[in-house]
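If you use our numbering, the sequence shown corresponds to residues 63 to 438, in order. The beta-carbon is built from N, C-alpha and C at its ideal position, and this holds for glycine as well. In this text the structure is predicted, and so the values were computed from the model without any measurement.
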Amino acid sequence: MNVLDRYGLTKIINARGTFTPLGVSRSSDQVSRAVAEALQDYFVIDELQDLVSRKLAGIAGSEAGAVTHCVAAGITMSIAAAMVGTSPEKIAALPDTKGIPNRVVLPANHAIDYGHPIQQAVRLAGATPVLAGTVDECSLADIDGQLRHADTCCLLLVSSRLTTGRSVDLSAAVDASHLRGVPTIIDGAAQDMRIKELLATNADLVLVSAHKYMASPTAGLVIGRKALVDAVRAQERGIGRAMKATKEAIIGVLSALEERSVLHIAEWRETQACKVSDFVGRANELPGVKARSVPDPAGMPFMRAHVQVDDRQTGVNARSLAVALKNGVPSIWVMDDKIADGDIVFELVQTDRDEIDTILAQLSKLLSRSSSPDGS
Ligand SMILES: *Cc1c(COP(=O)(O)O)cnc(C)c1O
């Protein structure tokens with residue numbers, strides 16, 4: 063009996079992406095076995111962290127790396143590291159930042175909400191987020207205008223499909239902060255296939271989730287300059303106590319990194335593209351449906367299927383169709399951030415062939431039911 067049946071839990075098909083309220087991702091057998099093994103032993107945690115650091119350096123070409131509980135934790139710990147370094151007294155004092163430069167500059171169009179507002183992850187360290195520009199646009203002059211203040215401790219940038227307006231040139235923003243002697247942190251939580259690109263901006267730290275597309279247990283990766291990575295780890299003796307990575311998470315990350323290092327990205331991209339174009343083709347055969355493939359706006363190498371329904375023909379709009387999918391058995395979860403435009407978005411990276419068949423069968427059933435004239 064599987065764990066869902068044992069506890070009478072809801073069976074999910076996840077077409078919503080790496081979504082925290084659904085458990086983010088499913089790990090491979092190899093990663094699951096490594097985690098199970100880790101749970102049955104002791105480790106010198108510093109030795110595990112040093113090992114991951116060397117692996118990440120080898121993979122990403124960075125000086126160092128570390129594992130935190132998740133990226134939300136990594137943001138708070140990185141900001142703390144930028145403010146107080148490895149000073150034991152200051153680490154113990156946080157989140158009290160009296161006498162410590164604590165302004166964190168964040169483009170207003172990067173002030174995203176990934177489950178909570180990113181500014182809260184900043185404030186948790188005792189820092190003060192300061193927004194540059196507007197939700198529509200943040201220029202280099204806007205950023206520099208805020209960096210100029212003496213109390214600035216770092217620049218925080220985000221690489222995500224959730225950012226709004228005109229995109230900020232990340233490399234140019236990093237250069238601007240370095241000209242002022244200010245370190246830069248990039249939150250690229252869901253961009254784990256673009257670590258090298260993000261590091262190539264010259265950012266001091268790049269943060270990615272290991273439990274999103276890399277499918278490790280819950281963990282955040284902090285990658286970049288050794289002095290700052292060391293300072294992030296040092297926060298575990300302060301506010302980072304509640305944000306530490308567990309032994310099983312670190313072992314799971316090591317295993318997931320091994321899998322990632324042998325993944326053939328071009329083949330993977332091709333497989334994902336075929337999966338989405340097949341889904342789009344079959345969805346377009348349904349009455350009143352217009353489907354198309356749309357690339358990830360932040361540059362991850364995969365597409366999503368955007369599905370529009372003609373509510374005059376089908377008698378059902380996108381929003382109620384998404385609700386009906388969720389209320390079915392199994393419960394099908396979709397991305398609903400474009401639903402006001404009539405777009406239901408399906409992310410299929412983590413779905414298998416049978417699940418895709420089930421989604422299409424369920425769509426077909428719901429659309430034919432609502433379009434039948436007598437409503438039966
Ligand atoms: C998912 C996400 C986070 C949070 O990552 P966790 O590892 O789940 O804490 C932060 N920022 C962005 C852009 C995200 O997509």
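### Query
Say the cut is 8 Å; is the CB of Thr226 nearer than that to a heavy atom of ligand 1?
no
### Query
Can you tell me whether DSSP reads Gln412 as helix, strand or coil?
coil
### Query
With distances taken from CA atoms, which of Ser229, Ala143 and Ser115 is nearest Asn171?
Ser229
### Task
Can you grab the Cα-Cα spacing for the pair Thr413 / Asn76, in whole Å?
7 Å
### Query
Expressed to the nearest angstrom, what Euclidean distance is found between the alpha-carbon atoms of Ser339 and His326?
20 Å
#### Entry: Residues that DSSP places opposite Val167 in a beta bridge
Val192 and Leu217
### Query
What number of angstroms, rounded off, separates the C-alpha of Gly377 from the C-alpha of Gly390?
18 Å
### Task
Look up Thr308 in the DSSP assignment and say whether it is helix, strand or coil.
coil
### Message
Quick check on Ala328: buried or exposed, where buried means 16 or more other Cβ atoms within 10 Å of its Cβ?
### Response
exposed
### Query
How about Val407: is its Cβ closer than 8 Å to a heavy atom in ligand 1?
no
### Message
Tell me the residue span of the alpha helix (DSSP H) that contains Ser94.
### Response
Asp91 to Leu101
### Message
Let me check understanding here. Comparing Cα to Cα, which of Gly207, Met145 and Ala212 lies closest to Val184?
### Response
Met145
### Message
Can you look up Met397 in the DSSP assignment and give me helix, strand or coil?
### Response
strand
### Sequence-distant residues of the same chain with beta carbon closer than 7 Å to Gly195, five excluded per side
Pro169, Ala170, Asn171, Ser201 and Asp204
### Query
Any heavy atom of ligand 1 closer than 8 Å to the Cβ of Ser442?
This structure gives no information on residue 442, because the portion of the chain shown stretches from 63 to 438.
### Query
Between Gly437 and the rest of its own chain, which residues show a CB-CB distance below 7 Å, the 5 nearest in sequence each way excluded?
Here the model assigns Gly437 a pLDDT of 43, short of 50, so the residue's position is not dependable, and the following value carries that caveat. No residues qualify anywhere along the chain.
### Message
Looking at the secondary structure, which residues open and close the beta strand (DSSP E) in which Lys352 lies?
### Response
Val351 to Pro357
### Message
Going by DSSP in three states, Pro363 sits in which element: helix, strand or coil?
### Response
coil
### Task
Identify the continuous alpha helix (DSSP H) that holds Gly127 and give its terminal residues.
Premise fails: Gly127 lies in the beta strand (DSSP E), Ala126 to Thr130, not in any alpha helix (DSSP H).
### Task
Identify the continuous beta strand (DSSP E) that holds Ala77 and give its terminal residues.
Ile74 to Ala77
### Task
Determine the contact status of Lys309 and Tyr104, defining contact as a CB-CB distance below 9 Å.
yes
### Query
In or out: Cys336 buried (at least 16 other Cβ within 10 Å) or exposed?
exposed
### Task
My understanding is that Ala173 touches Leu186, with C-beta atoms under 8 Å, so please give their C-beta distance in whole angstroms.
At roughly 15 Å, the Cβ-Cβ gap does not stay under 8 Å, so Ala173 and Leu186 are not in contact.
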